[in-house]
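Residue numbering for the sequence shown follows my numbering, starting at 2 and increasing by one per position.
Everything below concerns the one structure shown next.
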Amino acid sequence: MSDLSEQLALDLERIEVDTWRSITEAAPPETARSLGVSWCRIGPALAAAASRLDVLMYNLVVGLGVGTPARESDVDQAIQFFRAAGSPRFMVTLAPHAAPSAIGSWLTARGFRLHNHWIKLWRTVSDPVSGVPDPRVREMGPAHAEAFARCSVEAFDLPEAGVPWLAATVGRPGFRHYAAFDGDDAVGFGALYVDGGVGWLGMASTRPSHRRQGIQSALIATRLREAVAGSG
């Protein structure tokens with residue numbers, strides 16, 4: 002934490018907000034209706050809901066108290082948003098630099114409890130990416146969007162309705178998706194979202210038949226190289 006500057010903390014949280022907004026906006030109208038997908042801004046923060054998915058990762062608040070100090074009323078606004086959306090539960094993610102320090106007490110006073118520590122790793126593009134490019138990995142396009150989405154849905158135990166939603170993220174501005182291939186068969190996936198000189202890596206999944214073969218390590222390295230190349 003000592004080398005995480007306030008500006009870097011702001012940039013990292015901003016890319017998290019922007020990525021989740023883009024993912025939420027990607028939901029096709031029918032999918033948005035069936036899964037209860039909606040979002041709203043609470044100052045610079047984002048509240049994103051998929052109310053018919055009892056999955057905290059898809060019912061969350063990100064960016065609260067970063068860049069602009071949060072207000073106690075922001076917590077109440079988030080509660081009201083998810084209550085109106087019909088979400089059975091949701092989480093508020095707090096970055097280390099979230100301000101003011103009273104946010105935690107505001108949350109606990111309203112019945113929130115610490116659920117876990119969601120670790121986010123970061124690095125600069127100036128650090129070299131180790132290893133050599135893996136020939137199994139290449140950028141994918143719409144032709145593999147459904148395979149990417151289906152693998153993600155199965156990996157994270159999401160309903161079938163999530164397939165068109167995640168598939169719709171392929172080709173969105175800022176997003177680049179990558180696949181690892183076994184011959185012509187796409188067997189592992191990961192996404193890169195870049196905006197304002199900051200990148201986000203996520204949406205990673207591998208078919209059970211191809212796990213423990215270094216696929217995710219290769220996908221991470223490829224996305225890092227692409228992010229570094231794009232920064233120049």
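Here a beta-carbon is modelled for each residue, glycine too, at the ideal position from N, C-alpha and C.
Buried versus exposed, by CB contacts within 10 Å (16 or more), residue i
i, result
"SER206", "buried"
"VAL133", "exposed"
"HIS178", "buried"
"SER131", "exposed"
"GLY68", "buried"
"THR223", "buried"
"SER3", "Caution applies to SER3, whose pLDDT of 48 falls short of 50 and renders its modelled position unreliable; the value that the coordinates give is listed next. Burial call: exposed."
"TRP119", "exposed"
"LEU167", "buried"
"ALA86", "buried"
"THR32", "buried"
"ALA110", "exposed"
"LEU225", "buried"
"ALA219", "buried"
"ARG208", "buried"
Cα-Cα separation, residue i to residue j
i, j, result
"ILE221", "PHE149", "16 Å"
"GLU227", "SER127", "13 Å"
"GLY172", "THR20", "14 Å"
"VAL138", "LEU95", "34 Å"
"CYS41", "ARG72", "16 Å"
"PRO162", "GLY175", "Per the sequence shown, the amino acid found at residue 162 is Ala instead of Pro. Taking the straight line from one Cα to the other gives about 24 Å."
"SER74", "ASP135", "49 Å"
"GLY203", "ASP77", "29 Å"
"GLY215", "ASP55", "31 Å"
"LEU108", "ALA187", "43 Å"
"PRO97", "ASN117", "14 Å"
"VAL1", "GLU14", "Missing from the structure shown is residue 1; the chain here goes from 2 to 233 and no further."
"GLY198", "THR25", "22 Å"
"LEU115", "ALA79", "17 Å"
"ARG213", "ARG124", "24 Å"
"PHE91", "GLN217", "28 Å"
"TRP201", "SER6", "18 Å"
"ASP158", "MET58", "12 Å"
"GLU140", "SER23", "19 Å"
Range covered by the alpha helix (DSSP H) that runs through residue i
i, result
"THR32", "30 to 36"
"LEU57", "No alpha helix (DSSP H) contains LEU57, which DSSP labels as neither H nor E."
"ALA85", "73 to 86"
"SER106", "104 to 110"
CB contact check: residue i to chain C, cutoff 8 Å
i, result
"VAL67", "Any reference to chain C falls outside this structure, which holds one protein chain only."
C-beta atoms of residue i and residue j nearer than 8 Å
i, j, result
"HIS145", "ALA180", "yes"
"ALA28", "VAL18", "no"
"ASN60", "ALA46", "no"
"ASP196", "ILE16", "yes"
"ALA99", "GLY66", "yes"
"PHE182", "CYS152", "no"
"SER88", "SER35", "no"
"THR170", "ALA156", "no"
Element boundaries [beta strand (DSSP E), containing residue i]
i, result
"VAL67", "That residue, VAL67, is in no beta strand (DSSP E); it is neither H nor E in DSSP."
"SER206", "199 to 207"
As an exercise, report each continuous beta strand (DSSP E) stretch of at least 3 residues that is fully enclosed by the stretch 119 to 187, in chain order.
138 to 141 and 176 to 183
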